[in-house]
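As given, the protein sequences belong to chains A and B, one line each in that order.
Anchor point for the first sequence: position 73 equals 73 in my numbering, and the numbering is continuous, going up by one each time.
Anchor point for the second sequence: position 675 equals 1675 in my numbering, and the numbering is continuous, going up by one each time.
By construction, the Cβ of each residue, glycine as well, lies at the ideal position given by its N, Cα and C atoms.
This report refers to the structure that appears directly beneath it.
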Amino acid sequence: MPANFKINGRSVENLDIDPMTPLLWVIRDELNLKGTKYSCGKSLCGACSVHVDGELVRSCSFPVNLAEGSEVTTIEGLSPDEAALHPVQQAWIEENVLQCGYCQPGFMMAAAKLLERIPNPTDQEIKDSITNICRCGTQPRIIKAIKRAAQLNLSQETTPKTNIR
Amino acid sequence: MSNTENTKKKGFSRRKFFKRTGIVLGGTAVLLYFGRHRIRRSIAGMAASMDSPSGVTDFSPKIWFDINADNKIIVRSSKEEIGQGTFTGIAMLVAEELEIPITDVDVVPGGLAGPPDMAGTGGSMSLGALYIPLRETAATMREMIKNAAAAKLNIDVNTVKLNKGFIGSGSKTIALSELAQNWNDWKIPKEVKIKKRSEFKIIGQPLPRIDLIPKVMGKTPFCIDKSMPEMLCGAILRSPYLEGKLLSVDASEAEKMKGVVKVVQEKDWVGVVAEKRYQAEMALKKLKVEWDQGKMWQQEELEALHEEGKVVGVTVQKDGKADAVIEDNKTNALNATYEVQYLAHGQMEPIGTIAHFQEDKIHIIASTQAVDHVANALKSEFGISKKKMTIETSFVGGGFGGRHYVFHLPIDALYLSKAVGKPVHLLRTREEEFQAAYVRPYGRNFMGAAINPETKRIEALRNVQVSGDMNLKNLPVPGLMTLLGADFLGTGHGVHIEYEIPNRFGRIENVETPVNTSIWRGVGCVPNGFARESFMDEIARKISIDPFDLRLEHLTNGDDIMQKRMSRALLSLRQESAWDSPKEDGVGRGMAIFVDRKTIAAMVAEIKIVDGLYKVTKVTQVINPAIAINPESIRKQAEGCIMMGISSSLTEEVTIKDSQIQQSNYHNYKMAYVADTPEIKIVIQEDEAAERPYGVGEPPIAPVAPSIGNAIFDLTGKRLRRLPFAKV
Ligand code: FES
Ligand code: FES
């Protein structure tokens, strides 16, 4: 059965793919969006995190047929462009968070969702909610960046973020 | 080092600069390959004066400057950007001497071309090694460009400035790319002067990473994000047994699966090539493989191989007669054995290779820390000269030593490509990453001390390390262990005792085991740091003296520079960590200090017990790399080491049962989460008179395990001598 869904606002129509293929490989290899990463393949690390209809999803363990008719957002679609950064990306730059950067798109996708649920999280709430893995040890800066993003968000409450729902 | 940064230097000779080292003019870009011999000499000198963890002294970095059509200066680096910020450091060194903003420089992976860089990217020494030669090269470049511009525009050379890709003065400017058209007429200056530390405008600034924005946007291509036209997907299976051999493969079911192009069987592995990644992985699961399992090794047996005195070994330090003094002082002696576990690297980007094998040509894109090792391995496997190889590298998703010695993946990928006649993207699954891993070796440290209870001085200290090897078995030179006797730059790094003690003894013994072992962040400083600094704590407790005081007492007697630097770090740490202030209830405090390739890292850890688990709640670390090129990068490396150190001290462990590595993914190989982040304070110290910086990527990890272990003792009275500390 061909797959149909939307990704970062763009339509994907009649994609010929095994319906059990993990969404991750569809995003990476069929749609050539390489910002979403493979690391554990078993829903353990969060490197492959994307949003599907507004929910945080680990795409390595999410068959593409479950995304049928859905809206998928990847790191490439988190901000409309570099001139209008999502607060999470803005905060990530301001806190100079990343090291190798490989795990970071997944962290940013998770952080963006956390801030929708808890607009101004405490350290403990961040620790309880973000279960992605980073081997380079950026965790201290991730906590700071999420708090900074919360501040950025609160200070620009009135500017709606177009492609984040 | 004979070259100090403020002496005037002889410039490169024109012959060296252009002819002998080669220049290529391609497209609109001038490709200048700079000063191999000049650079090599200084690097070799530095390598000799320090412990190079790869054990290779003949290496020369490859650095090119491209001036491209849009006037940006592009540096092609032989050192990989693994996440440690090396590219940012390189850009800073170049921008400083070219006197341009850092934003006008870009640094990109160099891949394989030019002379070999046998050191690869490791040992925390990329920037230390490049600190002077790269600046000299940039300064030479600056003078050449200025002179050329002055001549061309007919203006005074002293007024010439380089700005955003244009050079000249006032309204008289010329685009760099235009100026570069006549590179052949450029004159090499007779003398170049590099800046004094006091003149630095960029070096020393806490700058953000140059690769920050593209990585935040998800746009940076890591190796496994790259592709080649008509590329297929490959997956392989190697023996899951330590000494296993491939007997037979029944591929009938796998071959029938949709998308499967070919099942490929080689001597010690079997692989699948399919149109899509998912198909390759599914087909791999359908292979019925029979292994000759070989001898069934168990963890306990492997550990039991690590007895003292069973192999030749190398004594690296012998002052006085430590063993005899300890033996004669039974009542005031202390003996203890420390153990470290097997560890996985666990870097987030799995190791992958994209390979295209053609008639007599090889093209690969590899995620490696040592491109020249890969090239050598390919040369000996396929008999193809390096001239016929194209090896590209890309940004790397973490290394920690895990990519240094994995040469077989590019070879495997090339065999897959050869079998199907098309490029193949080979990716290890996470399970394959864990189970076919080269792990940090298990090891034991046999510690001993004799103490004078009256003077509270340590009369003798010994550290005998018995461990698997990290380097020698893996280097493509047979018989190195016989030749050198021990892996003193890998496992044995850090056996040396700096404390002022009359009788000191340090020795390394590497035992042969069937486990594939390799370097891991901090190499020998992790096991030796854990053993020695925990043992120092034991001594302090035995004679009831404060652990800071015990160390300071054994650092003050001479005029040894290292001892002075260590004292300074300790005094700062004591204050910054509020060591002498009262603790909250339920908190344990411990400290440690270690020297790794002349960088000092000292740390205080505070721990609590939460839900039956040890939890590190606060860390204060003082780090002294002599010169801080980018304090922000140093902080990040220290934070990374602290997190990786906490993780490997508390939970990480690779274990072997029935000859198989039991860990297969992140659920049974537990690494730190965000929830494990303590409060962290980092203090950077510099040495005013220093001439070059020391590394920062690994030294901060050495004091982590012992300071946590010492904090656990402080809280519970239990001395834990084996990593990981795990459950209470
Ligand atoms: S790759 Fe999907 S959670 Fe790790
Ligand atoms: S930044 Fe490298 S794994 Fe997180």
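- prompt: Taking 8 angstroms as the CB-CB cut-off, is H1667(B) touching chain A?
  reply: So yes, H1667(B) belongs to the interface.
message: Tell me whether L98(A), by its Cβ, gets closer than 7 angstroms to a heavy atom of ligand 2.
response: Under cutoff, so the answer is yes.
query: Do the CB positions of N1463(B) and I1497(B) come within less than 8 angstroms of each other?
result: Taking 8 angstroms as the Cβ cut-off, N1463(B) and I1497(B) qualify as a contacting pair.
message: Could you give the first and the last residue of the continuous beta strand (DSSP E) run that contains A1355(B)?
response: Annotation for A1355(B): the continuous beta strand (DSSP E) segment containing it runs 1352–1358.
- prompt: Of all the options I1194(B), E1459(B), V1289(B), which has the alpha carbon lying nearest to the alpha carbon of A1322(B)?
  reply: Comparing Cα positions, the closest option is E1459(B).
task: Keeping to the same chain, check which residues put their C-beta closer than 6 angstroms to that of T1071(B); ignore five residues upstream and five downstream.
output: Residue identity check: residue 1071(B) is Asn in the sequence provided, not Thr. Here the set comprises G1165, A1175, L1176, S1177.
field: chain B residues whose Cβ lies nearer than 9 angstroms to that of E76(A)
entry: Chain-ordered, the chain B residues with CB closer than 9 angstroms to the CB of E76(A) read M1217, G1218, K1219.
task: Identify each residue in the stretch 1674–1693 of chain B for which the Cβ-Cβ distance to at least one residue of chain A is less than 9 angstroms, and report them in chain order.
output: Per Cβ criterion, the list reads V1674, A1675, D1676, T1677, P1678, E1679, I1680.
- prompt: Considering R1504(B), what are the terminal residues of the alpha helix (DSSP H) in which it resides?
  reply: Looking at the DSSP string, R1504(B) is not in any alpha helix (DSSP H); the run it does join, the beta strand (DSSP E), is 1503–1510.
- request: Assign W1183(B) to one of three DSSP states: helix, strand, or coil.
  value: In the structure shown, W1183(B) falls within a helical segment according to DSSP collapsed to helix, strand and coil.
task: Could you tell me whether any Cβ in chain A is nearer than 8 angstroms to the Cβ of D1596(B)?
output: No, D1596(B) does not count as interfacial toward chain A.
query: How about D1070(B): is its C-beta nearer than 8 angstroms to some C-beta of chain A?
result: Under the 8 angstroms criterion on CB atoms, D1070(B) is classed as non-interfacial with respect to chain A.
- request: Taking only beta-carbon positions, decide if F1623(B) is within less than 8 angstroms of chain A.
  value: According to the sequence as given, residue 1623(B) is Ile; it is not Phe. Output row for I1623(B): interface = no.
- request: May I ask you to check if the CB of S39(A) is nearer than 7 angstroms to at least one heavy atom of ligand 1?
  value: Yes, the Cβ of S39(A) comes within 7 angstroms of a heavy atom of ligand 1.
query: Run through DSSP, which three-state label would I1023(B) get?
result: With a pLDDT of 31 at I1023(B), under the threshold of 50, the modelled position of that residue is not reliable, and the figure given next carries that caveat. In this structure, I1023(B) counts as strand in the three-state DSSP scheme.
Under 8 angstroms between C-beta atoms of K1379(B) and K1386(B): Going by C-beta atoms, K1379(B) is nearer than 8 angstroms to K1386(B).
- prompt: For I1236(B), which residues does DSSP report across the bridge?
  reply: The partner list for I1236(B) (beta bridge, DSSP) reads G1271(B).
message: For a test of the three-state rule: what should DSSP assign to K1618(B), helix, strand or coil?
response: Correct three-state label for K1618(B): strand.
message: What does the Cβ neighbour count give for L1098(B), buried or exposed, with the cut at 16 atoms within 10 Å?
response: Burial check for L1098(B): the Cβ neighbour count within 10 Å reaches 16 or more, so the residue is buried.
field: Same chain only: Cβ atoms within 6 angstroms of M1643(B), ignoring 5 sequence neighbours per side
entry: These residues qualify, in order along the chain: A1672.
- request: Note down, in chain order, each residue of its chain lying with its Cβ closer than 7 angstroms to the Cβ of G1259(B), except the 5 sequence neighbours on either side.
  value: Setting aside the 5 residues that flank it on each side, G1259(B) is surrounded in the same chain by A1274, E1275, K1276, Q1279, each with a C-beta closer than 7 angstroms to its C-beta; the list follows chain order.
field: C-beta atoms of N1292(B) and L1242(B) nearer than 8 angstroms
entry: Reading the sequence as shown, one finds Asp at residue 1292(B) and not Asn. The Cβ-Cβ distance between D1292(B) and L1242(B) does not fall below 8 angstroms.
task: Give, in chain order, every residue of the stretch 48–59 of chain A whose Cβ lies closer than 7 angstroms to some Cβ of chain B.
output: Result list empty, no residue passes.
message: Suppose the cutoff is 8 angstroms on Cβ atoms and the five residues either side in sequence are ignored; what does the same chain contact list for I146(A) look like?
response: For I146(A), the CB contacts under 8 angstroms within the same chain, skipping 5 residues up- and downstream, are V88, A91, A111, L114, L115, P121, I126, I130 in chain order.
field: Assigned secondary structure, E1300(B) (DSSP; H/G/I helix, E/B strand, else coil)
entry: E1300(B) falls in the helix class under three-state DSSP.
query: With a Cβ-Cβ cutoff of 8 angstroms, do E1266(B) and Y1438(B) count as a contact?
result: Result no, Cβ atoms of E1266(B) and Y1438(B) do not sit closer than 8 angstroms.
message: Between the alpha carbons of G946(B) and P1441(B), how many angstroms are there, rounded?
response: With chain B covering only 1001 through 1728, there is no way to say anything about residue 946(B).
message: For A149(A) and I142(A), what's the separation of their Cα atoms in angstroms?
response: Per the coordinates, the alpha-carbon of A149(A) lies some 10 angstroms from the alpha-carbon of I142(A).
query: Looking at C-beta atoms only, is the number of pairs between the stretch 1419–1433 of chain B and the stretch 1221–1235 of chain B that lie closer than 8 angstroms three or more?
result: Two segments are said to touch when three or more pairs of C-beta atoms, one from each, lie closer than 8 angstroms; by this definition the stretch 1419–1433 of chain B touches the stretch 1221–1235 of chain B.
message: Could you check whether E1300(B) and L1723(B) sit closer than 8 angstroms to each other, using their CB atoms as the reference points?
response: Contact: no.
field: Interfacial residues, the stretch 77–109 of chain A to chain B, with Cβ spacing under 7 angstroms
entry: Across the stretch 77–109 of chain A, CB contacts with chain B closer than 7 angstroms involve E82, Q89, W92, I93, N96, L98, Q99, C100, G101, Y102, C103, Q104, P105, in sequence order along the chain.
field: Cβ shell of D16(A) (< 7 angstroms), same chain only, five flanking positions each side left out
entry: Here D16(A) has P2 as same chain residues with Cβ atoms under 7 angstroms from its own Cβ, once five neighbours each way along the sequence are excluded.
Cβ-Cβ distance between A1638(B) and I1623(B) below 8 angstroms: Judged by beta-carbon spacing, I1623(B) lies within the 8 angstroms limit of A1638(B), meaning their Cβ atoms are closer than that value.
- prompt: Can you check whether the CB of P1189(B) is closer than 8 angstroms to the CB of K1632(B)?
  reply: According to the sequence displayed, residue 1632(B) carries Glu and not Lys. Taking 8 angstroms as the Cβ cut-off, E1632(B) and P1189(B) do not qualify as a contacting pair.
- prompt: What number of angstroms, rounded off, separates the C-alpha of K1201(B) from the C-alpha of L1093(B)?
  reply: A direct Cα-to-Cα measurement between K1201(B) and L1093(B) gives close to 10 angstroms.
- request: From the DSSP output, in three-state form, read off N1471(B) for me.
  value: N1471(B): coil per DSSP, three-state reduction.
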